[in-house]
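Novice: Numbering (numbering that gives the first Met the number 0), first residue to last: 0 to 720. Below is a structure I'd like to ask you about.
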Amino acid sequence: MPSIFDKPYEPKEHEENIYRIWEESGFFNPDKLPPPTARQAGNREKTFTIIMPPPNANGHLHAGHTLFITLEDIMTRFERMRGKKTLWIPGADHAGFETQIVYERELEKQGRSRFGMDPQKLYEEILTFTLENKKYMEADVRAMGASCDWSREKFTLDPEIIRETQRTFKQMFDDGLVYRGNRIINWCQKHQTSLSDVETEFREQNDPFYYIKYGPFTIATSRPETKFGDKYVVMHPKDERYKEYKDGQRLEVEWINGKITATVIKDEAIDMAFGTGVMTITPWHDAVDFEIAERHGLEKEQIIDWRGKLLPVAGEFAGMKIKEARSKIVEKLKEKGLLIKIDENYQHNVKVCYKCENLIEPQIKEQWFVKMKPLAKLAIDAVNDGKIKFIPENYKKIFLYWMENTIDWNISRQIVWGIPIPAKLCEKCGVGFPDLENKINKCPKCGGEAVADTDTFDTWFSSGQWPYLVLGYPDNKDFKTFYPTDIMETGHDLIFRWVPRMVIFGLYRAKIIPFHTVYLHGLVNDAKGKKMSKSKGNVINPLELSKKYGTDALRIGLIVGNTPGTDLALSEDRIRGYKNFANKIWNATRFVLMNSSDIDRSKKPEITVEDQKLLDELKMISEDVTTDMENFRFYLAAEKLYHYFWHAFADKIIEASKEKIKNEDKSIILSAKWTIFEILSISLKLLHPFMPFITEKIWQEMGNKKLLMVESWPATADKQK
RNA sequence: GCGCCCUUAGCUCAGUGGUAGAGCGUUCCAUUCACAUUGGAAAGGUCGGAGGUUCGAUACCUCCAGGGCGCACCA
Numbered sequence: 000m001p002s003i004f005d006k007p008y009e010p011k012e013h014e015e016n017i018y019r020i021w022e023e024s025g026f027f028n029p030d031k032l033p034p035p036t037a038r039q040a041g042n043r044e045k046t047f048t049i050i051m052p053p054p055n056a057n058g059h060l061h062a063g064h065t066l067f068i069t070l071e072d073i074m075t076r077f078e079r080m081r082g083k084k085t086l087w088i089p090g091a092d093h094a095g096f097e098t099q100i101v102y103e104r105e106l107e108k109q110g111r112s113r114f115g116m117d118p119q120k121l122y123e124e125i126l127t128f129t130l131e132n133k134k135y136m137e138a139d140v141r142a143m144g145a146s147c148d149w150s151r152e153k154f155t156l157d158p159e160i161i162r163e164t165q166r167t168f169k170q171m172f173d174d175g176l177v178y179r180g181n182r183i184i185n186w187c188q189k190h191q192t193s194l195s196d197v198e199t200e201f202r203e204q205n206d207p208f209y210y211i212k213y214g215p216f217t218i219a220t221s222r223p224e225t226k227f228g229d230k231y232v233v234m235h236p237k238d239e240r241y242k243e244y245k246d247g248q249r250l251e252v253e254w255i256n257g258k259i260t261a262t263v264i265k266d267e268a269i270d271m272a273f274g275t276g277v278m279t280i281t282p283w284h285d286a287v288d289f290e291i292a293e294r295h296g297l298e299k300e301q302i303i304d305w306r307g308k309l310l311p312v313a314g315e316f317a318g319m320k321i322k323e324a325r326s327k328i329v330e331k332l333k334e335k336g337l338l339i340k341i342d343e344n345y346q347h348n349v350k351v352c353y354k355c356e357n358l359i360e361p362q363i364k365e366q367w368f369v370k371m372k373p374l375a376k377l378a379i380d381a382v383n384d385g386k387i388k389f390i391p392e393n394y395k396k397i398f399l400y401w402m403e404n405t406i407d408w409n410i411s412r413q414i415v416w417g418i419p420i421p422a423k424l425c426e427k428c429g430v431g432f433p434d435l436e437n438k439i440n441k442c443p444k445c446g447g448e449a450v451a452d453t454d455t456f457d458t459w460f461s462s463g464q465w466p467y468l469v470l471g472y473p474d475n476k477d478f479k480t481f482y483p484t485d486i487m488e489t490g491h492d493l494i495f496r497w498v499p500r501m502v503i504f505g506l507y508r509a510k511i512i513p514f515h516t517v518y519l520h521g522l523v524n525d526a527k528g529k530k531m532s533k534s535k536g537n538v539i540n541p542l543e544l545s546k547k548y549g550t551d552a553l554r555i556g557l558i559v560g561n562t563p564g565t566d567l568a569l570s571e572d573r574i575r576g577y578k579n580f581a582n583k584i585w586n587a588t589r590f591v592l593m594n595s596s597d598i599d600r601s602k603k604p605e606i607t608v609e610d611q612k613l614l615d616e617l618k619m620i621s622e623d624v625t626t627d628m629e630n631f632r633f634y635l636a637a638e639k640l641y642h643y644f645w646h647a648f649a650d651k652i653i654e655a656s657k658e659k660i661k662n663e664d665k666s667i668i669l670s671a672k673w674t675i676f677e678i679l680s681i682s683l684k685l686l687h688p689f690m691p692f693i694t695e696k697i698w699q700e701m702g703n704k705k706l707l708m709v710e711s712w713p714a715t716a717d718k719q720k
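The following block contains the structure:
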């Protein structure tokens, strides 16, 4: 059995064992916490709850996960030591779209493809794959020292989660908040699914910009291949240049494949200053055009199919891929004398899939949508009323801006890996309606045959409900005890994807905010501050750092100086420095134990004035650190403790004690020994949330019967003392 | 285009209305001492630029420059 007298400190010899002791103690479970100490009295009635953002079950943790686990564990251990009834619930995310993509790559390696596979078989394969990988993720969470309650762990595809998610859909449909609409959506041709707006990104790109003759007008476009069906020409109603053309006026124009009849439309969406101030519209493949068409009741026609090939409307170009068709169409326009000029350096933003970075093709598709305006109102009010706080505060503004400008949310996905949308669609009249029990076969409207919707929910539709679902809403007593939760700690990149959905669903379904505080951490980048990515080859594996330098060193290295919301540059040197700190704690302890084994710790001796000053000083630091922790300034608390332990306790106090214990006056010796032992004990408690393994290990070596993780926090918090 | 954030020591970053700190790195010295995963010391910054508020600004305000991030109207 490794002990304190081995040197130096070797984290990997202790960590696994310590975690096992914690887990077997049952204290991760708030129902099994020991009775409160005198200092903790009164606090055990208060709960402290964090729902862990469930890591993807499809593989190992990455650096971002280790940061959030550390932060949440710090909060949890701190509040547990303060005596609160502390619950931190772990979870595992099926991560719909993301996992399906990961599995598609697996299939590709095997020379297979999901297209053409039986959906049920594909689902089962992905499920097997995910459950297999879930173990690795969980082992990693344990390796990080997470003091979460595994007995309450939930998977996002657990039957009760699916059931309640589907019930929410039904309830929203009944309340008129979910509707089936034929609207423009983001279509990823590679993944063959629609995506919500937060699942797309903009990419800046240079493309040729074509100026084309359209009857008496000149229009400009970067996408001539979509223009076949353009029979509406739009201009601003106040544009003097075109005042001779009246709204609704018809014109005969020569177009790509011959003569067509064009209709003039006046709409204020047109920017008079851009290009020629005139454009033709393609409502099926452009969001702005779609809106214009909706406003004026115009016809819409699909030009490009779901695989990115031109449809018969393109005449001789039908069946061609976009890229091939574009140059040929331009060639033909030139021959016909319709091409006026080409601007070769046109810079614009294009929408791409956030996963594969392929171009998004806007398409009109019949999908389920959530009506956001009334729901967003609930969230806006809750935040404006101060019911939900943001750390750092400026995210409140960002959150509100997004909520105030939100648009209806497409929740249908054409992928199998997810929660099925419990709905039926009429094959005859096209109407869609929920059917939770899967019992309805006839359309209630026209009597036509109703078939099951094969789509699944957007992952965020279910993960947005996670806080109350994981607590067993509506019937479980955990929901009544622990909801609303205290903190939602997550990455600032999820400020739109996840946080607003949780607030909305919480307020809508559970009728209460899901959490009081949103703490947003920054992203973990490489040592130079560059985003980690496999293609750049700069990915740092946190678990390797943990093995090499110890989890405690990794944890405190991630925390010191890392202010909320700010991205972190993670370098190996940084972590190595904190391994030295762990060793410092180890050696200081050895000195203290070697020099205090002969004192009776149960009897406080006379303390000299000088030693009392040291204890008072530590008391002040404890209070200061506690205030920092209460205000989420972990980066400061950690740094202060580091500094105190090393440069005050080890460098000064211990050094001075060496003289004192050589004194002839026995009472001075006794006071000195008692004091350094006391300072060590208090320091270990203060350091425990940050560096749980080594502090717990030492605590046990010091002969304490109780686990440090449930000891009392040594400062003010309880002012009754 | 709009919004948010950042600019402080070689690097990564804290911080405060009274002319600056940490970690890592660098240089010099020490070493049978709990610890060489160490101790002691040192070098190193006109706190992005300009203006304003103030007795006083790195900190508060305005503008400018550079960098990062986010965003559903430029065909």
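Just so you know, even glycine gets a beta-carbon here, dropped at the ideal spot from N, CA and C.
Mapping DSSP to helix, strand and coil, what is P541?
Specialist: Of the three classes helix, strand and coil, the one that applies to P541 here is helix, per DSSP.
Novice: Considering only DSSP beta bridges, list what S711 is partnered with.
Specialist: Answer is none; S711 lacks a bridge partner.
Novice: Within 10 Å of its beta-carbon, does S150 have 16 or more other beta-carbons around it, so buried, or fewer, so exposed?
Specialist: Label assigned to S150: exposed.
Novice: Just grab the DSSP bridge partners of Y345 for me.
Specialist: The partner list for Y345 (beta bridge, DSSP) reads D206.
Novice: Of all the options E695, G556, K533 and I414, which has the alpha carbon lying nearest to the alpha carbon of C187?
Specialist: When each option's Cα is compared against that of C187, the closest is I414.
Novice: Which residues does DSSP pair with P433 in a beta bridge?
Specialist: Note: P433 sits in a beta bridge opposite A422.
Novice: Inspect the beta-carbon positions of G276 and R222 and report whether they are closer than 8 Å.
Specialist: Contact: no.
Novice: Enumerate in chain order the residues of its own chain whose CB-to-CB distance from K721 is below 8 Å, with the five nearest sequence positions on each side excluded.
Specialist: The structure shown does not extend to residue 721, since the chain is modelled only from 0 to 720, so the question has no answer here.
Novice: Can you name the start and end residues of the alpha helix (DSSP H) that D477 belongs to?
Specialist: Per DSSP, D477 belongs to the alpha helix (DSSP H) from K476 to F481.
Novice: Please report how far the alpha carbon of Y482 lies from the alpha carbon of F514, in whole angstroms.
Specialist: Between Y482 and F514, the C-alpha separation is close to 8 Å.
Novice: Just verifying my parser: in three-state terms, what is the DSSP assignment at E267?
Specialist: Looking at E267 - three-state DSSP - the assignment turns out to be coil, as it is neither helix nor strand.
Novice: Let me know the alpha helix (DSSP H) ranges lying completely inside the region 321-369, each 4 residues or longer, listed in chain order.
Specialist: List check, alpha helix (DSSP H) in window: 321-334.
Novice: On the premise that Q362 lies in contact with W283, defined as a C-beta separation below 8 Å, what is that separation, rounded to the nearest angstrom?
Specialist: Indeed they touch by this definition, with Cβ atoms about 7 Å apart.
Novice: Check the C-beta distance from P29 over to K84 and give it rounded, since I have them as a contact under 8 Å.
Specialist: Going by Cβ atoms, the distance from P29 to K84 rounds to 5 Å, so yes, they are a contact pair.
Novice: With a Cβ-Cβ cutoff of 8 Å, do A261 and Y231 count as a contact?
Specialist: Closer than 8 Å, so yes.
Novice: Nearest to H59 by alpha carbon, out of G82, A138, R104 and L86?
Specialist: Taking only the C-alpha atoms, the option nearest H59 is A138.
Novice: Pull up the distance between the alpha-carbon of L468 and that of M708, whole angstroms please.
Specialist: Distance between the alpha carbons of L468 and M708 is about 28 Å.
Novice: Please state whether the Cβ-Cβ distance between D454 and R508 is less than 8 Å.
Specialist: For D454 and R508, no; Cβs fall outside 8 Å.
Novice: Counting only the same chain and skipping the five closest in sequence on each side, list residues whose C-beta sits under 8 Å from that of P373.
Specialist: Counting only Cβ-Cβ distances below 8 Å, and skipping sequence neighbours, we find L176.
Novice: Since D650 and A636 are thought to touch, with beta carbons under 8 Å apart, how far apart are those beta carbons, to the nearest angstrom?
Specialist: About 20 Å separates the two Cβ atoms, so there is no contact after all.
Novice: Return the CA-CA distance between I675 and I486, expressed in angstroms with no decimal places.
Specialist: I675 and I486: Cα-Cα distance of roughly 36 Å.
Novice: Check each candidate in Q464, L567 and I303 and name the one with the smallest Cα separation from Y634.
Specialist: Taking only the C-alpha atoms, the option nearest Y634 is L567.
Novice: Is L309 helix, strand or coil when you go by DSSP?
Specialist: Strand, per DSSP.
Novice: Taking the beta carbon of K133 as the centre, do at least 16 other beta carbons fall within 10 Å, making it buried, or is it exposed?
Specialist: K133 should be labelled buried.
Novice: By the three-class DSSP mapping on this structure, what secondary structure does T565 have?
Specialist: T565 falls in the coil class under three-state DSSP.
Novice: Can you check DSSP and say which residues form a bridge with F514?
Specialist: According to DSSP, which records beta bridges pairwise, F514 is partnered with T484.
Novice: List the DSSP bridge partners of S46.
Specialist: Per the sequence shown, the amino acid found at residue 46 is Thr instead of Ser. DSSP output for T46 lists K84 as bridge partner(s).
Novice: Is it true that the CB of I302 sits closer than 8 Å to the CB of G228?
Specialist: Their beta carbons are under 8 Å apart, which means G228 touches I302 by this criterion.
Novice: What do you get for C428, buried or exposed, if any count of 16 or more other CB atoms within 10 angstroms of its CB means buried?
Specialist: Exposed.
Novice: Quick check on the DSSP output: the beta strand (DSSP E) that includes W21 runs from which residue to which?
Specialist: It is not in any beta strand (DSSP E) - W21 instead sits in the alpha helix (DSSP H) that spans E14 to S24.
Novice: Could you round the C-beta distance between I697 and L683 to whole angstroms and report it? I think they count as a contact, below 8 Å.
Specialist: At roughly 6 Å, the Cβ-Cβ gap stays under 8 Å, so I697 and L683 are in contact.
Novice: Nearest-angstrom Cα distance between A145 and A526?
Specialist: Going from the Cα of A145 to the Cα of A526 covers about 25 Å.
Novice: Consult DSSP for A716 and reduce its assignment to one of helix, strand or coil.
Specialist: Here the model assigns A716 a pLDDT of 49, short of 50, so the residue's position is not dependable, and the following value carries that caveat. If DSSP states are grouped into helix, strand and coil, A716 belongs with coil.
Novice: Between P421 and F168, how many whole angstroms is the CB-CB distance? I'm expecting something under 8 Å.
Specialist: Indeed they touch by this definition, with Cβ atoms about 6 Å apart.
Novice: On the three-state DSSP scale, how would you describe V415?
Specialist: Of the three classes helix, strand and coil, the one that applies to V415 here is coil, per DSSP.
Novice: Excluding the 5 residues preceding and the 5 following K441 in the sequence, name in chain order all residues of the same chain whose CB lies nearer than 8 Å to its CB.
Specialist: Cβ within range, chain order: G447, E448 and A449.
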